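Asker: Going letter by letter, the sequence shown gives residues -18 to -1, 1 to 907 in mature numbering (1 follows the signal peptide of the UniProt record, and there is no 0).
In this text, a Cβ means the ideal position worked out from N, Cα and C, and glycines have one as well.
The model shown is predicted, which means the values in this text are computed figures rather than measured ones.
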Amino acid sequence: MAKLAFLLAVAQSMLTNGFPAPGLPHNVRNLDERAITLSTDIDVTTSYSTVISTLQSASVTESPTITGIIQTGLPDPGFTPDPIKTLSEGPSNTLAPIDETLHPGPTEPLNDVEGNVFVPMATDAPLQQISSRNDHPIRKVNIVDGDVPIYTNKFYANLFLANQNYPVWTHPYSLVWAKGTGDTWGMSVSHIERSQLAWGPDGQTPPRYWIAPIGIQHIAMSAKELGTDTVLSTEYLTAFSVYANLAPSVNADPVISFPLVQGMGFVTALYNVAKPQLSSGVFFRTLDYVEQLNGVTYKYRITLEDDSHWLLYATPVGSLGAPPFTLINNHLIEGPDGFTGSIQIAKNPADGLGEQLYDSTSGAFATNATISGTVDDAFGSYTLAWGKSGVQNQTLLMFALPHQVESFDQASKDALTDMELVTTTKGYAKAVVADKITMIEPELPSSLGFAPWVPDQNGGNSGSENTNLAAEFRVMVQNSGAVELGENFTSQTNLDSMYYSGKGLAKFAGIIYTVQTLGKDTELAAAGLVKLKEAFNTFVENKQVVPLVYDQVWKGVVSSASYGGDLGQDFGNTLYNDHHFHYGYFVYTAAVIGHLDPSWLDQGSNKAWVNLLVRDFANPSATDPYFPFQRSFDWYMCHSWAKGLADSGDGKDQESTSEDTYATYALKMWGRALGDPYMEGRANLQLACQKRSLRNYFLLESDNQVQPSQFLPNKVTGILFENKVDHTTYFGRNIEMIQGIHMIPLNPSSAYTRSRKFVQEEWDMYFSDGRADQAVGGWKGILYANQILIDPFAALEFFAGPDFDMSLLDGGASRTFYLAYAAAMAGSGGSAVANATETAVDTAQNEPVEAASVAEAAPVGGEDVDVEPGPDDDSEASDVEGRDSDDEWEWEWDEDADTNSQEEDGVEDANDAEWAWGYDRKRKL
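1. With distance defined between alpha-carbon atoms, name the residue in G501, K625, V130 and T504 nearest to E217.
2. The beta strand (DSSP E) with R283 in it runs from where to where?
3. Can you tell me the Cα-Cα spacing of D81 and R797, whole angstroms?
4. Am I right that Q199 and V249 are in contact with their C-beta atoms under 8 Å? What's the rounded C-beta distance?
5. Just tell me which of Q111, N135 and Q146 has its CA closest to the CA of N124.
6. Return the Cβ separation of Y30 and A304 in integer angstroms, given the expectation that the two are a contact with Cβ distance under 8 Å.
7. Between the alpha carbons of T343 and F749, how many angstroms are there, rounded?
8. Taking D400 as the reference, give the member of V299, L335, L595 and G633 with the closest Cα.
9. What whole-angstrom Cβ distance do P119 and L426 have, given they're in contact under 8 Å?
10. Given this structure, state the Cα-to-Cα distance separating W745 from Q769, to the nearest angstrom.
11. Is T352 closer than 8 Å to A367 when the C-beta atoms are compared?
12. For S301, which of Y280, D751, Y558 and Y191 has the nearest alpha-carbon?
13. Less than 8 Å between the C-beta atoms of T639 and L583, yes or no?
14. Which residue spans inside the region 751 to 822 form an unbroken alpha helix (DSSP H) run of at least 4?
15. Cβ of L487 within 8 Å of Cβ of F361?
16. In terms of residue numbering, what span does the alpha helix (DSSP H) encompassing S462 cover?
17. Using a Cβ-Cβ cut-off of 7 Å (strictly less than) and excluding sequence neighbours within five positions of D629, which residues of its own chain qualify?
18. Over what stretch of residues does the alpha helix (DSSP H) that includes A221 continue unbroken?
19. Return the CA-CA distance between K489 and E641, expressed in angstroms with no decimal places.
20. Out of T134, L511 and Y155, state which residue places its alpha-carbon closest to the alpha-carbon of L403.
21. So who's on the other strand from A348, going by DSSP bridges?
22. Taking DSSP as the reference, what is the three-state secondary structure of R677?
23. How about G740 and E683: do their beta carbons lie closer than 8 Å?
24. Along the chain, where does the beta strand (DSSP E) containing I315 start, and where does it finish?
25. Are the CB atoms of L778 and A805 within a distance shorter than 8 Å?
26. With a 10 Å radius around its C-beta and 16 neighbouring C-beta atoms as the bar for buried, classify V531 as buried or exposed.
27. Kindly indicate which residue of P306, N312 and S113 has the alpha-carbon position closest to the one of P46.
28. Which two residues bound the contiguous alpha helix (DSSP H) that contains Y567?
29. So, with DSSP's three-state summary, where would you put V272?
30. Pull up the distance between the alpha-carbon of I717 and that of H621, whole angstroms please.
31. Specify the secondary structure class of S835 as computed by DSSP and reduced to three states.
32. To the nearest whole angstrom, what separates the beta carbons of L578 and P86, a pair I think is in contact under 8 Å?
33. Check whether the region 98 to 115 touches the region 176 to 184, counting contact only when three or more Cβ pairs, one atom from each stretch, lie closer than 8 Å.
34. Confirm, please, whether the CB-CB distance from V237 to N273 is below 8 Å.
35. Smallest Cα separation from E316: which of Y282, I701 and L339?
36. Please confirm if the region 455 to 463 is in contact with the region 749 to 761, defined as three or more CB-CB distances below 8 Å between the two stretches.
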């Protein structure tokens, strides 16, 4: 009986089941517990005395079929509207300034964060103006948890959607309810090697896609008691884990429970008085009993006909001796009758080393994970700590992904091993023997704010804001802003789509901030802010074309668009698709309004309405009874999943990394506007790990060591699923669409998350030498906006051109912001570059005028001199003074000269900057 002390602990009691940190229990109500509980208190009732054959071989051998099923198409239904919507009508008139001065809030980063950044932000009920509904078009399928928020966008959603017969990926393994396939009703386990990937289309270089086959049953874990009436239920749904239960019938208790956790080293099945059956579609060759381990666990080796080697570990409860497993034939292995305990299987890719690692950790298994994070100015870290059950004195064996290994702290590095298994779309995962791992992000984007952010020239991740534009560019911003703020806000923001509406609002918010801070025209910005507040208030009052509702079934705020039956409305928002994309635009807009007018935050329900959206897609706590923790973002993967309540044979997916990071940037700026250092710090940490994840998996630089080398010339993954990568989009296959969906919207965080090296390689591959001009509509504007990150002078020439076509702007973009962003990037340090632009446009009159030609305009060290305009054509020479310098500058004006020399008294050769001033810099309103 002494060895019972090492037996399985109570599985349920080990579940902290709360996120993000221990001590914050999930608010579970009316929970009908069904997952199997294995207790140390069970009396010993069975003694296995059967002599076990050391080596059993199948009497009949067959060549395995290991091709599986390849799904080359995109999931149906595919939500395919083009995300780019251009302005259909021009402005009727420019916007006149008003007699008001804005007094923006603080711009400094919020660094006073103590302890864990994952703290609750709110737990109050949804606002009264948002009605509730309990008739969501997608029904729950056998979710045992009570009336609690459900994680709609996590890796295991296929288990409770539709027919429940699509796989889930824990990486490196995938699992699928066999549901009779292969003559089993158990859970099928698969691991795919890179040699099994399908590449295509045939003959295309580089390939457009790689796809891992599904439907290959390496080993299916079942029980004799399971048959045609088997029911799959899910329980204890958390951000990183779920329990999948198999019961013989609707009203029966489960006979097997599978605790599924991202990165789990073993596939663990908990049996409750059942006869284990293992089957294989790849066929068993041998079954070899090895030995007893750790006093309670018994080890077998399995060889399949594809020459892969697997290990089986049985840890019985309430019995003595080695539980016998018999190789019945090449398809079936059976265990003892009435078995209670755990059975674990694992693929061994490393021979003796692999066996040593698996042996030393067998009997223990992860049940969930909690996350905690710390932020100290530009340094951050986050820890994934796993709940553990089973043999308690064993350390867990888990798998870490490349971006995690790359950022391990020293303790995690010490726990790292040389054993690895390849994943389907995230490179090779390495085994780590640890109950927790900690990742370090040493260069958080704490200096990133509302203004254009210029990376340091040393190639690191740090940078600084630039709000100081040369005078002629300020005038461009003022003129362009007056025009674009004269547009009809309502027609661009109150649409039948939260996505398009949010983009329109964010566009105008960006213009207003730009006019205020970079254009230095507070009265014009104030006039625009009046219009923006009115447009935004339509949504706060929930009086937009398609109102939001609070979904009482899954627990979230969704568009009411699909309650009429069309699930594709608004990109599937009602199904929780793309919530971080959609709501991120609103959060950014609110951050700008709250920054420019801090009093707005305390007016009415403005703050509460925005926080409601934040809680829906980025809730920092699982104590909230109305929303799940971090619906969209996957802290194991360090990126979001866009797919919500739609089952998919290839799992969750995401096609816009840039809108993913933009949503995080919006959270950061909303935190700053609120004065919430935890929200800003959390977003800084999230942006940093997103940047790392994107560099490893999505944005493919030439020296990428994670993704298959033959795919790297595509430069982006396109749509990255859990099981495949397809260099395409849901709405078209034009190259500007495939690449461009990872660019929008250009914002200050773009320069942080999209490295200059990557952007340059992508530009050279697809868009250099005039090829960008082949794009049409808003996509062309997106390409040139992206060029700002590597060649702001060329981009400035494009957007400031006399014949610029406003239809080349995406509905979420503005010429005003692009001009300011390009000018800010061009004028912030670095080496001197000639010819910023040859022509500009008098945007108020929409007629071309002479432009400012900037030769070597970037001051050394990034210290910008803010120069007042030269005189008009009928003026005499005048002296001007740099606003940010005590040095006196003398200008020699010549009406007939193309340029005017710039000299600094007492300073030699101040960059030899020459400016062309031959155009009218008066703003025409």
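Answerer: Answer, in terms of the structure:
1. V130
2. T279 to L286
3. Roughly 25 Å between the two C-alpha positions.
4. With a contact defined as Cβ atoms closer than 8 Å, Q199 and V249 miss out at about 13 Å.
5. Relative to the Cα of N124, the nearest Cα in the group Q111, N135 and Q146 belongs to Q146.
6. 6 Å
7. 51 Å
8. With distances taken between Cα atoms, D400 lies closest to L335.
9. 40 Å between Cβ atoms; not a contact.
10. 8 Å
11. yes
12. Y280
13. Inclusion of T639 and L583 in the CB contact set at 8 Å is not warranted, their separation being larger than that value.
14. 759 to 769, 774 to 781 and 797 to 808
15. No, these two residues do not count as a Cβ contact at 8 Å.
16. A453 to E466
17. Result list for D629: N140, L143, A144 and Y148, in chain order.
18. That residue, A221, is in no alpha helix (DSSP H); it is neither H nor E in DSSP.
19. Within the model, the alpha-carbon separation for K489 versus E641 is close to 14 Å.
20. Y155
21. K370
22. helix
23. What sits at residue 740 in the sequence shown is Phe, not Gly. Result yes, Cβ atoms of F740 and E683 sit closer than 8 Å.
24. L314 to E316
25. yes
26. Answer is buried; the Cβ neighbour count reaches 16.
27. N312
28. H561 to L578
29. strand
30. 23 Å
31. Because S835 carries a pLDDT of 32, less than 50, the predicted location of this residue cannot be relied on, and the following value inherits that uncertainty. Residue state, collapsed to three classes: coil.
32. The pair is a contact, with the Cβ atoms about 5 Å apart (cut-off 8 Å).
33. No contact exists between the region 98 to 115 and the region 176 to 184.
34. This sequence places Glu at residue 273; Asn is not what is there. It is not a contact, given that the beta carbons lie outside the stated cut-off.
35. Y282
36. Of all C-beta pairs linking the region 455 to 463 to the region 749 to 761, fewer than three are shorter than 8 Å, placing the two stretches out of contact.
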